[in-house]
Amino acid sequence: MKKLLVTLIALLAAVPAYAADGAALLKQVDRNMNPESYESYRKLINIEPDGRKKEYTLFTVKKGVDKVASLFIAPASEKGRSTLRLDENMWLYIPNVGKPVRITSLQSVVGGVFNNADILQLDYTAEYTVEKVEEQGNVYLLHLKAKTKSVAYDRLRLWADKAKKLPTKIECLTEANMLIKTLYFKDIKDFGGGVVRPAVMETDSPLYKGYKSVMIFAKVKARDFKDEVFTLPFMPNLESLR
Amino acid sequence: MTKGRLQKPGAGPLVLIFLFTLLASIDALLSIAGAEEYTFDVSEIEKKPYHIGGYAEIRPVLFGLDKDASLYKLRFYNRDEGSTLKEYNAALQLEGSLEKGIGRLFLRTNTDYRNSYVGEEWKTTVYEGFLSLKPSSSLTVDIGKKTLKWGKGYAWNPVAFVDRPKDPDEPELSLEGFIVASADYIKSFHEGPLKTVSFTPVLLPVYEHVNHTFGDIHHLNIAGKLYLLLYDTDIDFTILAGGSKTTRYGVDFSRNITANFELHGEFAFINDYKKKLIDSDGNTSEKETDAKSHLIGIRYLTEKDTTYILEYYGNGTGFTSGEMRDYFAFINKGHDSYVSSGNDALLKKAAKSTAGNYGRPNAMREYFYFRASQKEPFDILYFTPSITGILNINDKSFSLSPEFLYSGMTNVEFRLKASFIAGERFSDYGEKQNDYRLEFRARYYF
Chain A
36 MKKLLVTLIA
46 LLAAVPAYAA
56 DGAALLKQVD
66 RNMNPESYES
76 YRKLINIEPD
86 GRKKEYTLFT
96 VKKGVDKVAS
106 LFIAPASEKG
116 RSTLRLDENM
126 WLYIPNVGKP
136 VRITSLQSVV
146 GGVFNNADIL
156 QLDYTAEYTV
166 EKVEEQGNVY
176 LLHLKAKTKS
186 VAYDRLRLWA
196 DKAKKLPTKI
206 ECLTEANMLI
216 KTLYFKDIKD
226 FGGGVVRPAV
236 METDSPLYKG
246 YKSVMIFAKV
256 KARDFKDEVF
266 TLPFMPNLES
276 LR
Chain B
-3 MTKGRLQKPG
7 AGPLVLIFLF
17 TLLASIDALL
27 SIAGAEEYTF
37 DVSEIEKKPY
47 HIGGYAEIRP
57 VLFGLDKDAS
67 LYKLRFYNRD
77 EGSTLKEYNA
87 ALQLEGSLEK
97 GIGRLFLRTN
107 TDYRNSYVGE
117 EWKTTVYEGF
127 LSLKPSSSLT
137 VDIGKKTLKW
147 GKGYAWNPVA
157 FVDRPKDPDE
167 PELSLEGFIV
177 ASADYIKSFH
187 EGPLKTVSFT
197 PVLLPVYEHV
207 NHTFGDIHHL
217 NIAGKLYLLL
227 YDTDIDFTIL
237 AGGSKTTRYG
247 VDFSRNITAN
257 FELHGEFAFI
267 NDYKKKLIDS
277 DGNTSEKETD
287 AKSHLIGIRY
297 LTEKDTTYIL
307 EYYGNGTGFT
317 SGEMRDYFAF
327 INKGHDSYVS
337 SGNDALLKKA
347 AKSTAGNYGR
357 PNAMREYFYF
367 RASQKEPFDI
377 LYFTPSITGI
387 LNINDKSFSL
397 SPEFLYSGMT
407 NVEFRLKASF
417 IAGERFSDYG
427 EKQNDYRLEF
437 RARYYF
């Protein structure tokens, strides 16, 4: 009986310790993926089943855990468009329309498999709590649960390399554990300034059979920005940061 | 800044169609070619101090005419164009910018070409052309011709006091601006429910050759917008004063109630608004009232990627059903007079009351806007069918416009759009010159 009690107490004590480890691990994954405040360039490629491609190039700036803005610099049809995310608020600015309109994380400003939440990605720790961490050979499997209903994916299964503490694969799931899409992280590259992270992210989805979207990163570097950069009136001026 | 000329119809549309097709085909082929491994060349992202871009489009339109309608009689009383009318339109929108230090010069011009029953017409307009100075990320100062685009509504913006009215049938088209001096001061806050405050003061001169279409001349008008991001809600307070128009105040807001449900609204109060009226005998008068306009709307995105936009618009400056009936009755009286005597004086008087007054888009009191668009149905990437309806709540007349948009080729966009309008005699849509309109638009961005 005494033995059972000791085991139970040990187990109860172990649960918060595991959760704390998971949160620390997720935070480490976030910091290894990007500095907390940084700029980067990304190319998004949507690939159709017949091989046709459509490409978009974006300049992205991020500050802290909840501020991110992106500017389309190519193709010509999208040039000058910008998106802004402040925590759960998202806006799209189209030069012709001339004023920012609110958008949602579930929509996609580029079509294809990536949606706005993927394009305006915040730190995982800002949106998710770690429910469970499993060890699978040389990877960790983190089971993540969205902190609020407004997060694009209710659950994530994140596989992270044990040594590098970088994600290798993420499955995005609904509340009922239905798979929405899978993200694959490839081609770990040294961007300089201590930023060593995957340069390519691929995604596919059972909802878009045969389609694939790819995100390629370039010039990821730490940079500090004023808070005023992440505001609606600044959206038409993002180009001035390049 | 505007030029126009009329000629007989010529080979212009064919040449434009050929050039457009050639440009679009080259670009489309480039986007299809090569399913090889993806690359990201850093030279693609190098910033240049200048930028030149824009789009070219062709837009043939077929109108189905309503020969009994008042506006048909007003426009076509002295000619017979049959039951349908063809029109070939083309447009070239050019924009360029030059950046050095804290300064940036920006220019956007629009050239419209139309080949219709009246002949060929070209019109070039400078939509925007201004110098922007940005001494810090908190402050921007702009001087020149600029569009400000205030308001949160999709189809209408009653608080957009310093903008030209947009066309609810094409709310996303760029508009011509006014010559202004304006500034944007932004301040962000870390803690508390107030995240952002920005203030936009605007000076808008109106003289003989400067902004003379805005309102009464010989006035330096002052306008302003105060923006707050408060409790995750966008809120704007707007004002215009100075004499060219009567003083007016506005407030608007936009907020996401849930991730896929957005609510927005606008309210405008216009002091001493002067409404110009014409009765069924052609007597003109002016009625002065304090007008209140308001708009409430939502955007809702379903799990199946259907976006709904709904808006209700109460136009305090609009005409009542009775006032509109009087105007239509006068046109018909003028038409009867022309048919019996050949004298078009009354019709010319009616035409004067139409321009910018009875003839402005959605000139009556209450409207309802509905738009449903489905993103990529049947797994067809970049294909968006949609349907738009505008209902005049007062007289139950309406327009209904289905459209198909395809943007699958890089920098090329195709749109097929139809519009059907219906309504009783002497109703808003019932008296439009067309029963239907069918148009195709191909646009190439460069």
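If you read the sequences in order, they're chains A and B.
Per the working numbering, the first sequence starts with residue 36, numbered consecutively.
Per the working numbering, the second sequence starts with residue -3, numbered consecutively.
Note that CB positions come from ideal geometry on N, CA and C, so glycine has one too.
Pull up the DSSP beta-bridge partners for Asn22 (chain A), would you.
Here chain A covers residues 36 to 277 and nothing more, so residue 22 (chain A) does not appear.
Tell me, to the nearest whole angstrom, how far the beta carbon of Ile154 (chain A) is from that of Thr118 (chain A); I am working on the premise that it is less than 8 Å.
On the first sequence, position 119 is the one that residue 154 (chain A) refers to. On the first sequence, position 83 is the one that residue 118 (chain A) refers to. The pair is a contact, with the Cβ atoms about 7 Å apart (cut-off 8 Å).
Taking 8 Å as the CB-CB limit, is Asp189 (chain A) close to chain B?
The sequence position of residue 189 (chain A) within the first sequence is 154, counting from 1. Not one chain B Cβ lies under 8 Å of Asp189 (chain A).
Met213 (chain A) classed as buried or exposed, judged by whether at least 16 other C-beta atoms fall within 10 angstroms
Locating residue 213 (chain A) in the first sequence gives position 178, counting from the first residue. Of the other Cβ atoms in all chains shown, fewer than 16 fall within 10 Å of the Cβ of Met213 (chain A); this residue is therefore exposed.
Of all the options B:Pro373, B:Ser382, B:Thr285 and B:Tyr425, which has the alpha carbon lying nearest to the alpha carbon of Asp391 (chain B)?
The residue given as residue 391 (chain B) occupies position 395 in the second sequence. Among B:Pro373, B:Ser382, B:Thr285 and B:Tyr425, the Cα nearest to that of Asp391 (chain B) is on B:Tyr425.
Tell me which residues of the stretch 116 to 148 of chain A have at least one Cβ-Cβ distance to chain B shorter than 9 Å, keeping chain order.
Leu121, Asp122, Glu123, Asn124, Met125, Trp126, Ile129, Pro130, Asn131, Val132, Gly133, Lys134, Pro135, Val136, Arg137, Ile138, Thr139, Ser140, Leu141, Gln142, Ser143, Gly146 and Gly147
For the beta strand (DSSP E) containing Ile138 (chain A), name the first residue and the last one.
Mapped onto the first sequence, residue 138 (chain A) falls at position 103. Where Ile138 (chain A) is concerned, the enclosing beta strand (DSSP E) stretches over Pro135 to Ile138.
For a contact meaning CB atoms closer than 7 Å, what does Ile292 (chain B) contact in chain E?
No chain E is part of this structure, whose protein chains are labelled A and B.
What residues of chain B sit near Phe220 (chain A), judged by a beta carbon separation below 9 Å?
Taking the first sequence and counting its residues from 1, one reaches residue 220 (chain A) at position 185. Within 9 Å Cβ-Cβ: nothing; Phe220 (chain A) doesn't reach chain B, min ~15 Å.
Cβ-based neighbour list, Thr92 (chain A), same chain, cut-off 6 Å, excluding 5 preceding and 5 following
For the purposes of this step, residue 92 (chain A) is taken as the residue at position 57 of the first sequence. Cβ neighbours of Thr92 (chain A) beyond the five flanking positions: Lys78, Ile108 and Ala109.
Closer than 7 Å between beta carbons: that is the criterion. Which residues of the stretch 100 to 131 of chain B meet it against chain A?
Lys130
Write down the C-beta distance between Gly246 (chain B) and Phe174 (chain B) rounded to the nearest angstrom, noting that I regard them as a contact closer than 8 Å.
Position 250 of the second sequence, counted from the start, is the residue given in the question as residue 246 (chain B). Position 178 of the second sequence, counted from the start, is the residue given in the question as residue 174 (chain B). With 8 Å as the limit, Gly246 (chain B) and Phe174 (chain B) do not qualify as a contact, their Cβ atoms being about 17 Å apart.
Count the other C-beta atoms from every protein chain shown that fall within 10 angstroms of the C-beta of Ala346 (chain B), then say buried if there are 16 or more, exposed otherwise.
For the purposes of this step, residue 346 (chain B) is taken as the residue at position 350 of the second sequence. Buried.
Buried or exposed: which applies to Gly404 (chain B), given that a residue is buried once 16 or more other Cβ atoms fall within 10 Å of its Cβ?
Here residue 404 (chain B) refers to the residue found at position 408 when the second sequence is read from its first residue. Its Cβ being crowded by 16 or more others within 10 Å, Gly404 (chain B) is buried.
Name the DSSP beta bridge partners of Pro233 (chain A), please?
Counting from 1 along the first sequence, the entry for residue 233 (chain A) is found at position 198. Pro233 (chain A) is bridged to A:Ile223.
Going by C-alpha distance, which of A:Gly57, A:Glu113, A:Thr95 and A:Ala187 is nearest Thr209 (chain A)?
Start at 1 with the first residue of the first sequence, and residue 209 (chain A) comes out as number 174. Closest by alpha carbon: A:Ala187.
Strictly under 8 Å for the Cβ-Cβ distance: is Asn151 (chain A) near chain B by that measure?
Position 116 of the first sequence holds residue 151 (chain A). Asn151 (chain A) has a beta carbon lying at 8 Å or more from every beta carbon in chain B.
Three-pair Cβ contact test at 8 Å for the stretch 179 to 199 of chain B versus the stretch 279 to 295 of chain B
no
Can you check whether the CB of Asn153 (chain B) is closer than 8 Å to the CB of Lys162 (chain B)?
Residue mapping note: residue 162 (chain B) aligns to position 166 of the second sequence, counting from 1. Residue mapping note: residue 153 (chain B) aligns to position 157 of the second sequence, counting from 1. Yes.
8 Å Cβ cutoff met for Pro164 (chain B) and Tyr365 (chain B)
Along the second sequence, one-based indexing puts residue 164 (chain B) at 168. Along the second sequence, one-based indexing puts residue 365 (chain B) at 369. Yes.
Quick one: list the residues of chain A neighbouring Leu43 (chain B), beta-carbon separation under 7 Å, in chain order.
Mapped onto the second sequence, residue 43 (chain B) falls at position 47. Note on residue identity: the sequence assigns Lys, not Leu, to residue 43 (chain B). Within chain A, the residues Arg277 have their CB atoms less than 7 Å from the CB of Lys43 (chain B), given in chain order.
So, is the C-beta of Ala255 (chain B) closer than 8 Å to a C-beta in chain A?
Position 259 of the second sequence holds residue 255 (chain B). Interface residue, yes.
Figure out for me which residue from A:Asn150, A:Pro84, A:Ile251 and A:Ser143 has the closest Cα to the Cα of Asp37 (chain B).
On the second sequence, position 41 is the one that residue 37 (chain B) refers to. Of A:Asn150, A:Pro84, A:Ile251 and A:Ser143, the residue nearest in Cα terms is A:Ile251.
Take Phe220 (chain A) and list the residues in its own chain whose beta-carbon comes closer than 6 Å to its own, dropping the five residues that flank it on each side.
Reading the first sequence from its first residue, position 185 is the one you call residue 220 (chain A). Once the five neighbours on either side are set aside, the close Cβ partners of Phe220 (chain A) are Pro202, Thr203, Pro233 and Met236.
What residue range is occupied by the uninterrupted alpha helix (DSSP H) comprising Tyr334 (chain B)?
The residue given as residue 334 (chain B) occupies position 338 in the second sequence. Looking at the DSSP string, the run of the alpha helix (DSSP H) that includes Tyr334 (chain B) is Ser317 to Ser337.
Counting only the same chain and skipping the five closest in sequence on each side, list residues whose C-beta sits under 7 Å from that of Phe265 (chain A).
The residue given as residue 265 (chain A) occupies position 230 in the first sequence. Closer than 7 Å at the Cβ level, and outside the excluded window around Phe265 (chain A), lie Lys98, Lys102, Ala104, Leu119 and Leu121.
Does the beta-carbon of Tyr51 (chain B) have 16 or more other beta-carbons within 10 angstroms, so that it is buried, or is it exposed?
The residue labelled residue 51 (chain B) in the question sits at position 55 within the second sequence. Counting Cβ neighbours within 10 Å, Tyr51 (chain B) comes out buried, since at least 16 surround it.
Touching or not, the stretch 238 to 245 of chain B and the stretch 213 to 223 of chain B, by the rule of three or more beta carbon pairs under 8 Å?
yes
Which of the three DSSP states is assigned to Glu299 (chain B) in this structure?
On the second sequence, residue 299 (chain B) is found 303 positions in, with the first residue counted as 1. In the three-state reduction of the DSSP assignment, Glu299 (chain B) falls in the coil class, being assigned neither a helical nor a strand state.
Could you please give me the residues that DSSP links to Gly173 (chain B) through a beta bridge?
One-based indexing of the second sequence puts residue 173 (chain B) at position 177. According to DSSP, which records beta bridges pairwise, Gly173 (chain B) is partnered with nothing at all.
Alpha helix (DSSP H) containing Leu273 (chain B): first to last residue?
What you label residue 273 (chain B) is simply residue 277 of the second sequence in a count that begins at 1. Element bounds for Leu273 (chain B): not the alpha helix (DSSP H) but the beta strand (DSSP E), Phe257 to Ile274.
So, at 6 Å on beta carbons, what are the nonlocal neighbours of Ile82 (chain A) in its own chain, with the 5 sequence-adjacent residues on each side left out?
The count along the first sequence starts at 1 and reaches residue 82 (chain A) at position 47. Excluding sequence neighbours, Ile82 (chain A) sits near Lys88 and Lys247.
Quick one: does the C-beta of Tyr68 (chain B) sit closer than 7 Å to a heavy atom of the ligand HEM?
Annotation note on the ligand HEM: not contained in the displayed structure, which lists no ligands.
Below 9 Å between beta carbons is the criterion; list the residues of the stretch 243 to 265 of chain A that meet it against any residue of chain B, in chain order.
So the close ones are Tyr243, Lys244, Gly245, Tyr246, Val249, Ile251, Phe252, Ala253, Lys254, Phe260, Lys261, Asp262, Glu263, Val264 and Phe265.
Beta-carbon separation of Thr313 (chain B) and Ala368 (chain B) under 8 Å?
Taking the first residue of the second sequence as position 1, residue 313 (chain B) is located at position 317. Taking the first residue of the second sequence as position 1, residue 368 (chain B) is located at position 372. No. Outside cutoff.
Should Ile108 (chain A) be flagged as near chain B, meaning a C-beta pair shorter than 8 Å?
Working through the first sequence from its first residue, we reach residue 108 (chain A) at position 73. Yes - at least one Cβ of chain B is within 8 Å of the one on Ile108 (chain A).
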